[in-house]
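Undergrad: Have a look at this one.
In my numbering, the protein residues as written are 11 to 406.
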């Protein structure tokens, strides 16, 4: 629920609507009813997430019916749609699902093209808007964009739209970014916000003043922080998306060799459709034997420098590039923890190697955090290394 509210808040801001508050409550009719009563005296619209399923703990539609003092009624058209959905999925329609075709009489149905839980849209006597959406993320966000946003704009038109500029950063601590920006003379008409998308950082500039120099302020911030730290200045362009665009645009291919990240780097590179145009493959070489057999890492290197070393990272990067015939080879080898560290190489130490035609290098990194956090940070460092290489920036 917290994740939904966070993502919905960002989406609302993109359309010029400012979220007032977030409230969590128990899954029972009384709690939901009381929450609606409280929220509708303080906001113009309420978005509810979850509780529209067919089980006994799905109480949102019952609470809405009570809140409107209306009995639930069966919508025959929705019942037919439900049964057709089950037939397409080759599943038996069970009687319990019938409740998902029942709605308060004064409500409108919000279509759900991806599931069985249609949404509910209604207003109270004072004009407050209520949108009830399913809790499944893919269903909720599709219904929000396709149905809720148009209904909001129709019912609550904005006289002025908020101007927004977004800067995505990687490689600078939030405290450093905040301190440096505070030293600039940013117009008081511009609001600044910071949001972590670990391990990236988003700086958001916004203003409802059409004359506010928001574009100039964004450019000033980027120049002051250093262009090499700026991943993008587009709303939804995070590091994996930027890498995809760069590799496709420059017609470069990449291969990976991973140890401590366990395949995460390859996953990040292939999460988006079209990645087959630039991602040739990878080697998940967890053991020293695999590093030797698959990537041709020298036994001498492993014996003298260890698996977690600059030399091994370089040979891994070179090995995967040559093995798969890629333009760029990227490698990661390290100690994600919680065991395995030493005084010389504590948990959180990793080496990142990059190999291109005629050049190969590796660098040591350190990040203190949980096993998953170390792995994620390492994978993003590798992505950023590719971004810097393709953009002509120093690799560190």
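Beta carbons: idealized from backbone N, C-alpha and C, even for Gly.
Need the endpoints of the alpha helix (DSSP H) that residue 189 sits in, please.
TA: As a first step, residue 189 must be located in the chain shown, where it is residue number 179. Its alpha helix (DSSP H) spans residues 184 to 192.
Undergrad: Between which two residues does the alpha helix (DSSP H) harbouring residue 42 extend?
TA: Indexing the chain shown from 1 puts residue 42 at position 32. Taken as a continuous stretch (DSSP letters only), the alpha helix (DSSP H) holding residue 42 covers 39 to 50.
Undergrad: For residue 270, report the span of its beta strand (DSSP E) as first-last.
TA: In the chain shown, the residue the question calls residue 270 occupies position 260. Per DSSP, residue 270 belongs to no beta strand (DSSP E) and is neither H nor E.
Undergrad: Leaving out five residues before and five after residue 195 in sequence, what residues of the same chain have Cβ atoms less than 7 Å from its Cβ?
TA: As a position in the chain shown, residue 195 is number 185, starting the count at 1. Cβ within range, chain order: n/a, list empty.
Undergrad: With H, G and I counted as helix, E and B as strand and the rest as coil, what does DSSP make of residue 372?
TA: On the chain shown, position 362 is the one that residue 372 refers to. Residue 372: strand per DSSP, three-state reduction.
Undergrad: Give every residue of the same chain whose Cβ lies closer than 6 Å to the Cβ of residue 108, excluding the five residues on either side of it in the sequence, and list them in chain order.
TA: Within the chain shown, residue 108 is the residue found at index 98, counting from 1. Result list for residue 108: empty, nothing under 6 Å.
Undergrad: Cutting at 8 Å between CB atoms, please list the residues of its own chain near residue 199, excluding the five before and the five after it.
TA: One-based indexing of the chain shown puts residue 199 at position 189. So the list reads 217, 219, 221 and 222, once near-sequence residues are dropped.
Undergrad: Hey, would you say residue 336 sits closer than 8 Å to residue 280, going by beta carbons?
TA: Residue numbering aside, residue 336 sits at position 326 when the chain shown is read from its first letter. Residue numbering aside, residue 280 sits at position 270 when the chain shown is read from its first letter. For residue 336 and residue 280, no; Cβs fall outside 8 Å.
Undergrad: Looking at the secondary structure, which residues open and close the alpha helix (DSSP H) in which residue 235 lies?
TA: Stepping through the chain shown from its first residue, residue 235 is reached at position 225. Taken as a continuous stretch (DSSP letters only), the alpha helix (DSSP H) holding residue 235 covers 224 to 235.
Undergrad: So what does DSSP say about residue 63, is it helix, strand or coil?
TA: Here residue 63 refers to the residue found at position 53 of the chain shown. Three-state result, residue 63: coil.
Undergrad: Please classify residue 301 as buried or exposed, where buried requires at least 16 neighbouring CB atoms within 10 angstroms.
TA: Indexing the chain shown from 1 puts residue 301 at position 291. Buried: at least 16 other Cβ atoms inside 10 Å.
Undergrad: Quick one: complete beta strand (DSSP E) runs, 3+ long, within the segment 275 to 315?
TA: The segment 275 to 315 contains these whole beta strand (DSSP E) runs: 289 to 294.
Undergrad: Using the C-alpha atoms, what's the distance from residue 359 back to residue 249?
TA: Here the question's residue 249 lines up with position 239 in the chain shown. Here the question's residue 359 lines up with position 349 in the chain shown. Each residue's Cα considered, the two are about 22 Å apart.
Undergrad: Classify residue 98 as helix, strand or coil using the three-state DSSP reduction.
TA: Stepping through the chain shown from its first residue, residue 98 is reached at position 88. Note: residue 98 maps to helix in three-state DSSP.
Undergrad: Would you call the segment 239 to 247 and the segment 360 to 376 touching, i.e. three or more CB-CB distances under 8 Å?
TA: Touching, no, given that fewer than three Cβ pairs across the two stretches are closer than 8 Å.
Undergrad: Check the DSSP bridge columns for residue 207 and list the partner residues they point to.
TA: Position 197 of the chain shown, counting from 1, holds the residue named residue 207. Note: residue 207 sits in a beta bridge opposite 210.
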